[in-house]
Structure formats: C-alpha cells, structure tokens
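A.B. asks: Have a look at this one.
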Amino acid sequence: MAESVKLTIPSDSKYLCLVRKVLHHLLLERQLSEEAAQRLILCVDEACSNIIKYSYAGCPDLPIEISFSLADDSFQAKIRDYGKQCDSRKIKPRPLDKIEPGGLGTYFMNEIMDEVSYCTDRETGTLLTMCKHLKNELTSS
Amino acid sequence: MSIEFQSNESGNGTATLVITGDIDMSTSTLVRTHLTDLFKKKQKAIVVDLAKVSYIDSSGIATLVEGLQWSHNNNTKFRLTNLTPMVKDVFEIARLLTVFEVYDSQEEALEGI
C-alpha cells in the first residue's frame, strides 16, 4: 500500500534542508540504501530550488506544496508551485562536456529519475511529477 | 541550515578551506564568498576540504566549477579533498570527478605544491 506524506514550505531556500530531512527519514525507514536515498533527495531539492529561482523569481513567501508517495517498489514526488509557468520544451540540461557553472539541476533530475513530467494545465504554476522504480534500490531488511 | 568555514593560510602560498555543513542554494553564495576571498589573495594553491560536507546540490557544484575556472585563469592550483560518499556520487553523476583534482587527504592534496 502506498504511503503518502505532504508538506508545504515557503519559497525560501532556508527551508530546503527541512524537506531533505523529512524525505531522508522517510526513505531510510523504507529500507532504501543511503546512496539511493541521497539521489532522490537531490532531485527533490533541485526541483524546489528551481521553483524558488525561476517560478517565484526569488520571492521567499510563496507556497511550494510537496507530496511524497512511497509504494513497495516505487517513489513518487509531486511538487506544485503557483508561480510563473515553465515551458517544459525549453527545459534542457547543459551538455556535460561543456564545463561551466549551472544547468546541472535538471540534468540530475532526468538522469536519476525514471519519469519527470511538468504539467501546466492549470491557471497558475506548475505541477512537477517525478517517479523512480525502487526494485533494485532497497537494502535487505 | 548553518554552514561553517575554517581557512588556514600557510606561509608558502597555499590555503586550505574546510567547509562544515550542507552546500545548497541557501549556502553556496557563502562558499563563493570564501573562495573569492582566497583567490583574491593570489595563493599558489587552494585546497577545499569537503570531509564535513554531507550534502551538495547543483549550486554547490556550480560554485566549485567557478573556482576551477578562476584557478585556470589565474594559474592557481585548485584541489578538492576528502569527498564524502554523497558528494563523490554527485560529482560522478555530473562526470566531474576527472575534471577536478581530487585527493583523499589534505596532506596528499598539498604534496608537490
């Protein structure tokens, strides 16, 4: 049975560590390896950072709604904002052979997660959904 | 999330920056500030010790890439040491482990400078 946890944070980067702590606790409780847990945490953190930076343009008091869903062999994160909608066709990570600062957050999300989708079919903001199959990521309990 | 910095500058033109805490969107600007201060002092080499950094995101990586570019432009050595498993994994995913000079200890990083 899927277990779901929801939290809402203000769009201030000082709350990112809180999201990481909550997710870390949830993932380790589900016998996920530390490495796999850290990778999923990185993706959620990068998604929230992008919302703070781009959707809300640095405004620190707008809502970011996050829900984590953990089933036996899958993890799903849904992250909702009410800011500037993104054009998912324009979200492209930079080529890795170009060594320069920036552009890695989206790359991490696409590289680590099995599915990443952006839904802007709403009046404001974006719903980002990221899924990861965990069959090979669980430690022996 | 708090982050702490300890920098040690030796008489032979090398500086070591020990960072303690998570490097994320809220703290990477502080990392940049500390690195910029060291670069401005025109050190021969800067070693960044990441033994007490348990988390780094793309903004932290970007800051270290900036440091690397600065070092290339100013003929300074820029070395990383003591990467924790999480930090090393992020560098591996970004395929940056071979781009940076990475060492297992401060002593090794300071050798031959």
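Those protein sequences? They're chains A and B, same order as listed. Each residue of the first sequence is one higher than the one before, starting from 1 at the first, in the numbering used here. Each residue of the second sequence is one higher than the one before, starting from 1001 at the first, in the numbering used here. Backbone N, C-alpha and C fix where the C-beta goes; we use that ideal spot for every residue, glycine too. None of these values were measured; they are calculated from a predicted model.
Would you kindly report the start and end of the unbroken alpha helix (DSSP H) that includes residue 1085 of chain B?
C.D. replies: For the purposes of this step, residue 1085 of chain B is taken as residue 85 along the second sequence, with counting starting at 1. It spans 1085-1093 - the alpha helix (DSSP H) in which residue 1085 of chain B sits, taken as one unbroken run.
A.B. asks: Going along chain A in order, which residues have a C-beta closer than 9 angstroms to the C-beta of residue 1022 of chain B?
C.D. replies: Here residue 1022 of chain B refers to the residue found at position 22 of the second sequence. Identification of chain A residues near residue 1022 of chain B by a Cβ-Cβ cut-off of 9 angstroms yields 16, 17, 20, ordered along the chain.
A.B. asks: Provide the residue span of the beta strand (DSSP E) that contains residue 77 of chain A, from first to last.
C.D. replies: The count along the first sequence starts at 1 and reaches residue 77 of chain A at position 77. Per DSSP, residue 77 of chain A belongs to the beta strand (DSSP E) from 74-81.
A.B. asks: In chain order, what residues of the same chain lie with their CB nearer than 8 angstroms to the CB of residue 1062 of chain B, ignoring the 5 residues before and after it?
C.D. replies: Position 62 of the second sequence holds residue 1062 of chain B. Once the five neighbours on either side are set aside, the close Cβ partners of residue 1062 of chain B are 1028.
A.B. asks: For residue 35 of chain A, does the three-state DSSP call read helix, strand or coil?
C.D. replies: Within the first sequence, numbered from 1, the residue matching residue 35 of chain A stands at position 35. Residue 35 of chain A: helix per DSSP, three-state reduction.
A.B. asks: Whose C-alpha, out of A:80, A:137, A:111, is nearest the C-alpha of residue 122 of chain A?
C.D. replies: Reading the first sequence from its first residue, position 122 is the one you call residue 122 of chain A. Closest by alpha carbon: A:80.
A.B. asks: Since residue 1015 of chain B and residue 1113 of chain B should fall inside the 8 angstroms C-beta cutoff, what is the C-beta to C-beta distance between them, to a whole number of angstroms?
C.D. replies: In the second sequence, residue 1015 of chain B corresponds to position 15, counting from 1. In the second sequence, residue 1113 of chain B corresponds to position 113, counting from 1. Not really, about 11 angstroms apart at Cβ, beyond 8 angstroms.
A.B. asks: If you draw a straight line from the alpha carbon of residue 141 of chain A to that of residue 1042 of chain B, how long is it in whole angstroms?
C.D. replies: Walking along the first sequence from the start, residue 141 of chain A turns up at place 141. Walking along the second sequence from the start, residue 1042 of chain B turns up at place 42. Caution is warranted here: a pLDDT of 44 is assigned to residue 141 of chain A, below 50, making its placement in the model unreliable, and the coordinate value is therefore given only provisionally. The alpha-carbon atoms of residue 141 of chain A and residue 1042 of chain B are separated by roughly 52 angstroms.
A.B. asks: Helix, strand or coil for residue 22 of chain A per DSSP?
C.D. replies: Sequence index remark: in the first sequence, residue 22 of chain A carries index 22 (1-based). Here residue 22 of chain A sits in helix by DSSP.
A.B. asks: Could you confirm whether any beta carbon from chain A is found closer than 8 angstroms to the beta carbon of residue 1071 of chain B?
C.D. replies: Counting from 1 along the second sequence, the entry for residue 1071 of chain B is found at position 71. Not an interface residue.
A.B. asks: DSSP state of residue 7 of chain A, grouped into three classes?
C.D. replies: Position 7 of the first sequence, counted from the start, is the residue given in the question as residue 7 of chain A. In this structure, residue 7 of chain A counts as strand in the three-state DSSP scheme.
A.B. asks: Look at the alpha carbon of residue 69 of chain A and the alpha carbon of residue 13 of chain A, and state the distance between them as a whole number of angstroms.
C.D. replies: In the first sequence, counting from the first residue as 1, residue 69 of chain A sits at position 69. In the first sequence, counting from the first residue as 1, residue 13 of chain A sits at position 13. Residue 69 of chain A and residue 13 of chain A have their alpha carbons spaced roughly 23 angstroms apart.
A.B. asks: How far does the alpha helix (DSSP H) with residue 106 of chain A in it reach, from first residue to last?
C.D. replies: By one-based count along the first sequence, residue 106 of chain A stands at place 106. Residue 106 of chain A -> alpha helix (DSSP H) spans 104-112.
A.B. asks: For residue 1102 of chain B, would you say it is in contact with chain A, using Cβ-to-Cβ distances shorter than 8 angstroms as the test?
C.D. replies: Taking the first residue of the second sequence as position 1, residue 1102 of chain B is located at position 102. So, not an interface residue.
A.B. asks: Is there at least one Cβ from chain B nearer than 8 angstroms to residue 52 of chain A's Cβ?
C.D. replies: The count along the first sequence starts at 1 and reaches residue 52 of chain A at position 52. Chain B contact via Cβ: present.
A.B. asks: Chain B partners of residue 75 of chain A, CB-CB under 9 angstroms?
C.D. replies: Residue numbering aside, residue 75 of chain A sits at position 75 when the first sequence is read from its first letter. Under the 9 angstroms cutoff, chain B gives no residues; its nearest Cβ is about 17 angstroms from residue 75 of chain A.
A.B. asks: How about residue 1080 of chain B and residue 1048 of chain B: do their beta carbons lie closer than 8 angstroms?
C.D. replies: Against the second sequence, residue 1080 of chain B aligns to sequence position 80. Against the second sequence, residue 1048 of chain B aligns to sequence position 48. Between residue 1080 of chain B and residue 1048 of chain B, the gap from beta carbon to beta carbon is short of 8 angstroms.
A.B. asks: Can you say whether residue 87 of chain A is buried or exposed, counting buried as having 16 or more other CB atoms within 10 angstroms of its CB?
C.D. replies: Counted from its first residue, the first sequence places residue 87 of chain A at position 87. Counting Cβ neighbours within 10 Å, residue 87 of chain A comes out exposed, since fewer than 16 surround it.
A.B. asks: Of all the CB atoms in chain A, is at least one closer than 8 angstroms to the CB of residue 1090 of chain B?
C.D. replies: As a working mapping, residue 1090 of chain B is identified with position 90 in the second sequence. Yes, contact with chain A.
A.B. asks: Do residue 1067 of chain B and residue 1078 of chain B have their C-beta atoms closer together than 8 angstroms?
C.D. replies: Counted from its first residue, the second sequence places residue 1067 of chain B at position 67. Counted from its first residue, the second sequence places residue 1078 of chain B at position 78. It is a contact, given that the beta carbons lie within the stated cut-off.
A.B. asks: What residues in the segment 30-57 of chain A bring their beta carbon closer than 9 angstroms to a beta carbon of chain B?
C.D. replies: Residues of the segment 30-57 of chain A with a C-beta atom less than 9 angstroms from some C-beta of chain B are 34, 35, 38, 39, 41, 42, 45, 46, 48, 49, 52, 53, listed in chain order.
A.B. asks: Are the segment 126-138 of chain A and the segment 1021-1036 of chain B in contact at 8 angstroms, needing three or more beta carbon pairs?
C.D. replies: no
A.B. asks: Counting only C-beta atoms, is residue 68 of chain A closer than 8 angstroms to chain B at any point?
C.D. replies: Looking up residue 68 of chain A in the first sequence gives position 68. Answer no: the Cβ-Cβ gap between residue 68 of chain A and chain B never drops below 8 angstroms.
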